[in-house]
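To start, the structure under review is shown below, and the notes come after it.
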Amino acid sequence: MQSDTTSPLAIHGGTPLRDLEKNPWPAWPIHDETERAGLLDVLESGDWWYGERVKQFEKSFAALQDAAHCVTATSGTTAGELCVEAAGIGPGDEVIIPPYSFIATATAVMRTGATPAFVDIDDSWNLNPALIEEAITERTKAIMPVHFGGRVADMDAINAIAAARGLRVIEDACHSWGSKWKGKGTGTLGDCGFFSFQASKNMTAGEGGAIVTDDAELAERCRSLSNSGRVEGAEWYYHYHVATNARLTEFAAALLNAQLTRLPEQNTTRAKNAAILNSALSEIEGISIQAGDDRITARTYHIYCLRMDPDAFGCSRDQLVKALNAEGLPISPGYPHPLYKQPIFREPLGGQDYAKATCPVCEDLCYRSALWFRHTILLGTEDDMAQIAAMFAKVKEHVARLALT
Ligand SMILES: *Cc1c(COP(=O)(O)O)cnc(C)c1O
1332 MQSDTTSPLA
1342 IHGGTPLRDL
1352 EKNPWPAWPI
1362 HDETERAGLL
1372 DVLESGDWWY
1382 GERVKQFEKS
1392 FAALQDAAHC
1402 VTATSGTTAG
1412 ELCVEAAGIG
1422 PGDEVIIPPY
1432 SFIATATAVM
1442 RTGATPAFVD
1452 IDDSWNLNPA
1462 LIEEAITERT
1472 KAIMPVHFGG
1482 RVADMDAINA
1492 IAAARGLRVI
1502 EDACHSWGSK
1512 WKGKGTGTLG
1522 DCGFFSFQAS
1532 KNMTAGEGGA
1542 IVTDDAELAE
1552 RCRSLSNSGR
1562 VEGAEWYYHY
1572 HVATNARLTE
1582 FAAALLNAQL
1592 TRLPEQNTTR
1602 AKNAAILNSA
1612 LSEIEGISIQ
1622 AGDDRITART
1632 YHIYCLRMDP
1642 DAFGCSRDQL
1652 VKALNAEGLP
1662 ISPGYPHPLY
1672 KQPIFREPLG
1682 GQDYAKATCP
1692 VCEDLCYRSA
1702 LWFRHTILLG
1712 TEDDMAQIAA
1722 MFAKVKEHVA
1732 RLALT
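If you read the sequence shown in the working numbering, its first letter stands for residue 1332, the second for the next number, and so on.
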């Protein structure tokens, strides 16, 4: 491994620290005989429709998150919509969400006719609990924290506010398969939570989603809403809710059952590598890591997040991203905008005028300071992590020239 940080930057014509052709980053998804056998088994059994494999997966996934119940769905997006609807949220209601997330956090609320209210994040990259109270109105029905990158939000503070104000807590747990807060899995920390198994996620069937909860009544409602409005024990063609069909196939369940066998070990590898990077990169002036919390007893990584202070580091984020990309690190600036700047928020909705929304921490991350890469890179070796640290050190070494380009 080459780690000469004094040779010219690749972006200035030097040799990249990593030759991506000879030494690519781990590919995703990862699969082996387990997935192959599972898929062939479904194919040849003829039992393609929601059955034993889905039920087995729901049991295993509930166990992973320490949940009493799991209801699978066709995506994280639909799982989120089902959670909001099952919680009884609808037109005229507001749900507090962070603006630093994927669009599905907001649309899960909006598809029921309810309105998202944005509350800024802090250095955890999650909802800042100190700002929640002032966003609560008489219409507020729930808080929906996102565990960004797998970093659990401050659930003690969020739950305390929710309990005092009679609000539901629905966790967007779409980055947090295996994350725990004080020994308990995400998704069970509030009323219910939802997960994604889309192709980029840490366990995947291409598409797929799940809801977990300890609340039997919510689980039953989610099940019915995902299953054409049927209820347990009733006649087949009797439908009790205006529902949808979000059932998982046995093919998807076969993949997910296989992926689940690998997740704990992969989570351990990612956490170990993230710890190496955290200690190396937090030493670099102008770079800060995502703030941790001792109450997080299992931290999983969907995204490895860094924040740069361009003034302290010595160049713009754009220059740093391009220089690191040239050295062989596929790092990106992340979300281009806070959610409230998306086209769907151009017009006011309910009591919310999104043109007036300002979340300075989120805006700083989007427009100036955020840097991410995917969980797959954290499946590399310890040498790979040392190489990433060397890439940052190399760019820092040449930052004066870089800033001029
Ligand atoms: C991926 C994701 C979703 C939606 O999941 P899909 O399965 O892609 O529909 C929701 N919220 C967050 C934060 C996500 O990253």
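The C-beta atom is built at its ideal place from N, Cα and C for all residues, glycine as well.
These numbers come from a predicted model, not from an experiment.
Limits of the beta strand (DSSP E) - the one that P1595 falls within = Looking at the DSSP string, P1595 is not in any beta strand (DSSP E); the run it does join, the alpha helix (DSSP H), is E1581 to L1612.
ask   = Expressed to the nearest angstrom, what Euclidean distance is found between the alpha-carbon atoms of M1486 and C1690?
value = Their Cα atoms are separated by approximately 20 Å.
request  = Return the chain-ordered ranges of every beta strand (DSSP E) run that is complete within the region 1399-1443 and spans a minimum of 3 residues.
outcome  = Counting only runs of 3+ residues, the beta strand (DSSP E) found wholly inside the region 1399-1443 occupies 1400-1404 and 1425-1428, in chain order.
key: Any non-hydrogen atom of ligand 1 closer than 6 Å to Q1673 Cβ   = no
query = For A1494, which three-state DSSP category applies?
reply = Reduced to three states, the DSSP call for A1494 is helix.
message = Just to check my reading of the structure: L1587 and G1539 have Cβ atoms closer than 8 Å, yes? What is that Cβ distance to the nearest angstrom?
response = 6 Å
query = Should S1527 be listed as close to ligand 1, given that the test is whether its C-beta is under 6 Å from any heavy atom?
reply = yes
ask   = Taking Cβ to Cβ, would you say V1402 is nearer than 7 Å to C1553?
value = yes
inquiry  = What ranges does the beta strand (DSSP E) occupy inside the region 1539-1565, keeping only unbroken runs of at least 3 residues that lie completely in it?
reply    = 1540-1544
ask   = Any heavy atom of ligand 1 closer than 6 Å to the CB of G1518?
value = no
query = When the Cβ atoms of the region 1463-1473 are set against those of the region 1705-1724, are three or more pairs found closer than 8 Å?
reply = no
request  = Please classify I1463: does DSSP put it in a helix, a strand, or coil?
outcome  = coil
query = What's the call for Y1431, buried or exposed, on a 16-neighbour Cβ count within 10 Å?
reply = buried
message = Short of 6 Å in beta carbon distance, which residues of its chain neighbour G1411, apart from the five on each side in sequence? Order them along the chain.
response = A1435, A1439 and F1525
key: Same chain, Cβ closer than 7 Å to L1458, five either side skipped, listed in chain order   = P1429, V1450, I1452, P1476, A1484 and I1489
inquiry  = Between T1519 and D1397, how many whole angstroms is the CB-CB distance? I'm expecting something under 8 Å.
reply    = T1519 to D1397, Cβ: 6 Å. Contact.
task = May I have the straight-line CA-CA distance separating I1726 from A1654, to the nearest angstrom?
result = According to the sequence provided, residue 1726 is Val. The question's Ile does not apply to it. Taking the straight line from one Cα to the other gives about 7 Å.
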